[in-house]
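*Asks:* Before I ask anything, let me first share the structure, which is written out below as structure tokens.
Residue numbers (the UniProt record's numbering): 1 to 676.
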């Protein structure tokens, strides 16, 4: 195997601590073999449909330490060579997720064994979770860059797949067990903050952002930091609030019957709308069929209403002559625009979903809407059947007279507004019987089915609320990561990008990049000032952590029970790039806190606990680790251990007795020889 080359300098190490650029990924056929090995392992470990809780519980007896060790060995490689092991084990999470997908496919095609296949799929996810968390403790950089973020290719049915990372695959498959793991969420947090960025030389790998640990304020005042999902989301929230403000002003400024010319606020509202529409068109062009998502369709519907209103508004102020007066078009325009108000306000939920309450609410709503599809399918079938029956009764005499009233009544019955009056004299008694049957089926059966479906969806989400919310955040983060823009122009600032694009095409690539950076620096200068201040403070803490050999995200919270954690930022200017002062302040604070604590404890010599107390605490701890490693389980490990010790003692006594018998036999033989 080709040996990986170590980074030459500390700067190279901190840009690529996992040495991703020098590590060669396994080929697609090797990954397929690893996946089949893992499938064989899971098939043997899960021979029957175990209860899901027995597979996913902490320190499970089924997915135990021995199974994890065998899963790692299933990846192959020279177990004595660390580089070889890491090369092939880097695809283990990706391969396990592929195996999980295979089991889901088998569960759909072989319904008689679906419970077993679903249990194996859960086992594959649980194995992935445990391996991620175990590897994170050993080397979190390797976990992020190789296990989760590197994009791999697998050969399936003689075709190589599209390069995909385990992080993306888990989100696409909605594997909440994997998404809920600590390593996965920590990796997402680093991506969300922009601490990890895509490698500009290799789109299949990621590296640490070199700007993040820099303590100079000016280094963070750059448009490159706008690519971080956290700042893109912040920009979208800000511009959405502006859009909502302009919409509110435009809708409520109408105070005259006469047609007013398009004013200042209305012009800004139209500019924002145009920018958003162009952004949606560009996304649809680049993404294709994958564009058809809930929020994209939601935006298309909302902007269709607004554009319709804008067209009528322009017709009212233009000198064009139409069949209707300008006042009519102006009134209709404002009425249509007013109908978009619920959509414009609800749109804020898209950008506020990072808040846990809003995110959980959106997950519940999404599941409810999905469940309601079954209800509406049944409702449409029932409505079509009864509608055809009523139309047949109406046309039985050779003419149709009340077709539309019948249709209206059937629709209003769903909302509780139907009436029996029109069916009393219509084709008696057939129409009345049909309508009574329709009311019974809709109001008693179907609506109760809808309530039951909604209750089921709500309970399903609430029981797994945390993992569902984490999955939503993963989806939100990857929306920004999967299709990163070289230049971040949030609508309506994308109109500026459109204006300067012809100029950028005429310039050399380097000069075009420089011009675009200048434009973004000018238009984003307020938010860049905020980013520079926040990240400069973060950079000092990151450097402090690295000097103390701690992870970059350590010391973010100053907890009460640890007197050596936290990072103190006092009396230090943001313009001062010398970080030594911050480090000294933190060190002095920690030393002072420990000294005060010791002095307070030593006031009473009898205050300290007995030295034996700590040993006694260790003795009452349940043998969780030992039970997990052996697969016995902590509940039965003590009994197993006692029986094992007794067995050892019995074997020892048997061996001693055997030796005694052998010695006695030898003595008897010697005596016989002497007698002879």
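Ideal placement from N, C-alpha and C gives every residue a C-beta, glycine not left out.
On a CA-only basis, which of 267, 434, 416 is nearest residue 249? Give me that one, please.
*Replies:* Answer by Cα proximity: 267.
*Asks:* Here's the rule: buried if 16 or more other CB atoms are within 10 angstroms of the residue's CB, otherwise exposed. What is residue 614?
*Replies:* Flag for residue 614 reads exposed.
*Asks:* Expressed to the nearest angstrom, what Euclidean distance is found between the alpha-carbon atoms of residue 264 and residue 315?
*Replies:* Approximately 18 Å between the Cα atoms of the pair.
*Asks:* I need the DSSP call for residue 671, collapsed to helix, strand or coil.
*Replies:* Three-state DSSP puts residue 671 in a helix.
*Asks:* Excluding sequence positions up to five away, which residues of its chain have a Cβ less than 6 Å from the Cβ of residue 532?
*Replies:* If we look at residue 532 and ignore the five residues flanking it on each side, its Cβ neighbours are 217, 220, 221.
*Asks:* On the DSSP bridge assignment, give the partners of residue 164 in chain order.
*Replies:* Residue 164 pairs with 152.
*Asks:* Which of the three DSSP states is assigned to residue 7 in this structure?
*Replies:* At residue 7, the pLDDT of 45 sits below 50, so the modelled position is not reliable and the matter cannot be decided from this model.
*Asks:* Measure the C-alpha to C-alpha separation of residue 192 and residue 185 and round it to an integer number of angstroms.
*Replies:* The straight-line gap from Cα to Cα measures roughly 10 Å.
*Asks:* Enumerate in chain order the residues of its own chain whose CB-to-CB distance from residue 313 is below 6 Å, with the five nearest sequence positions on each side excluded.
*Replies:* The answer, listed in chain order, is 333.
*Asks:* Restricting to Cα atoms, I'd like to know which of 475, 154, 97, 372 is closest to residue 359.
*Replies:* The shortest C-alpha separation from residue 359 is found at 475.
*Asks:* Pull up the distance between the alpha-carbon of residue 274 and that of residue 492, whole angstroms please.
*Replies:* Each residue's Cα considered, the two are about 7 Å apart.
*Asks:* Within the continuous beta strand (DSSP E) that includes residue 208, where are the two ends?
*Replies:* 206 to 208 is the span of the beta strand (DSSP E), which, as asked, contains residue 208.
*Asks:* Can you confirm whether the stretch 195 to 206 touches the stretch 134 to 153 when touching is taken to mean that 3 or more C-beta pairs between the two stretches lie within less than 8 Å?
*Replies:* Contact holds: three or more Cβ-Cβ distances are below 8 Å.
*Asks:* Does the stretch 130 to 150 come into contact with the stretch 160 to 178, if we say contact requires no fewer than three beta-carbon pairs (one atom in each stretch) closer than 8 Å?
*Replies:* As far as the Cβ criterion goes, the stretch 130 to 150 touches the stretch 160 to 178, which means the pair count is three or higher.
*Asks:* With residue 539 and residue 79 assumed to form a contact (beta carbons below 8 Å), what rounded beta-carbon distance in angstroms separates them?
*Replies:* Actually they are not in contact, since the Cβ atoms of residue 539 and residue 79 sit about 40 Å apart, beyond 8 Å.
*Asks:* Indicate the three-state DSSP secondary structure (helix, strand or coil) for residue 632 in the structure shown.
*Replies:* It is coil, neither helix nor strand.
*Asks:* Just tell me which of 349, 378, 526 has its CA closest to the CA of residue 366.
*Replies:* For residue 366, the nearest C-alpha among the options comes from 349.
*Asks:* Can you give me the Cβ contacts of residue 114 inside the same chain, cut-off strictly under 7 Å, excluding the 5 residues immediately before and after it?
*Replies:* Correct list, in chain order: 107.
*Asks:* Measure the C-alpha to C-alpha separation of residue 6 and residue 541 and round it to an integer number of angstroms.
*Replies:* Note that residue 6 has pLDDT 41, beneath the 50 cutoff, so the model's placement of it is unreliable and the number below is only indicative. C-alpha separation (whole angstroms): 27 Å.
*Asks:* Where residue 657 and residue 670 are concerned, what is the direct C-alpha to C-alpha distance, given to the nearest angstrom?
*Replies:* For residue 657 and residue 670, the distance between alpha carbons rounds to 20 Å.
*Asks:* For my contact list, residue 183 and residue 467 are in at a C-beta cut-off of 8 Å; report their separation, rounded to the angstrom.
*Replies:* In fact, because the Cβ distance is near 15 Å, the residues do not count as touching under 8 Å.
*Asks:* What three-state label does DSSP hand residue 125 in the structure shown?
*Replies:* Of the three classes helix, strand and coil, the one that applies to residue 125 here is helix, per DSSP.
*Asks:* Could you name the residues of the same chain whose beta carbon sits closer than 8 Å to that of residue 341, not counting the 5 residues immediately before and after it, in chain order?
*Replies:* Closer than 8 Å at the Cβ level, and outside the excluded window around residue 341, lie 247, 251.
*Asks:* So residue 382 is in the alpha helix (DSSP H); what residue range does that whole segment cover?
*Replies:* From DSSP, the alpha helix (DSSP H) with residue 382 extends over 356 to 394.
*Asks:* Should residue 625 be labelled buried (16 or more other beta-carbon atoms within 10 Å of its own) or exposed?
*Replies:* Under this definition residue 625 is an exposed residue.
*Asks:* To the nearest angstrom, how far is it from the Cα of residue 136 to the Cα of residue 549?
*Replies:* Distance between the alpha carbons of residue 136 and residue 549: 15 Å.
*Asks:* Which same chain residues, not among the five before or five after residue 594, have their C-beta less than 8 Å away from its C-beta?
*Replies:* Contacts found: 563, 564.
*Asks:* What do you get for residue 120, buried or exposed, if any count of 16 or more other CB atoms within 10 angstroms of its CB means buried?
*Replies:* Its Cβ being crowded by 16 or more others within 10 Å, residue 120 is buried.
*Asks:* So, is residue 357 buried or exposed, given that buried needs 16 or more other C-beta atoms within 10 angstroms?
*Replies:* The residue in question, residue 357, is exposed, as its Cβ has fewer than 16 Cβ neighbours within 10 Å.
*Asks:* I need the DSSP call for residue 253, collapsed to helix, strand or coil.
*Replies:* In this structure, residue 253 counts as coil in the three-state DSSP scheme.
*Asks:* Assuming contact is defined by CB atoms lying nearer than 8 Å, are residue 490 and residue 236 in contact in what I supplied?
*Replies:* Contact flag set, yes.
*Asks:* Determine the DSSP secondary structure at residue 196, reduced to helix, strand or coil.
*Replies:* Reduced to three states, the DSSP call for residue 196 is strand.
*Asks:* What number of angstroms, rounded off, separates the C-alpha of residue 3 from the C-alpha of residue 73?
*Replies:* Because the pLDDT of residue 3 is 39, which lies under 50, any placement of that residue in the model is unreliable, and the number read from its coordinates should be weighed accordingly. So the alpha carbons of these two residues sit roughly 20 Å apart.
*Asks:* Does the Cβ of residue 87 have 16 or more other Cβ atoms within 10 Å, making it buried, or fewer, making it exposed?
*Replies:* By the neighbour-count rule (16 or more Cβ atoms within 10 Å), residue 87 is buried.
*Asks:* Should the stretch 57 to 77 be called in touch with the stretch 24 to 38, which here means at least 3 C-beta pairs below 8 Å?
*Replies:* Contact between the stretch 57 to 77 and the stretch 24 to 38 is present, because at least three Cβ pairs lie under 8 Å.
*Asks:* Given a threshold of 16 other Cβ atoms within 10 Å of its Cβ, counted over all protein chains shown, does residue 325 qualify as buried or as exposed?
*Replies:* With fewer than 16 Cβ atoms within 10 Å of its Cβ, residue 325 is classed as exposed.
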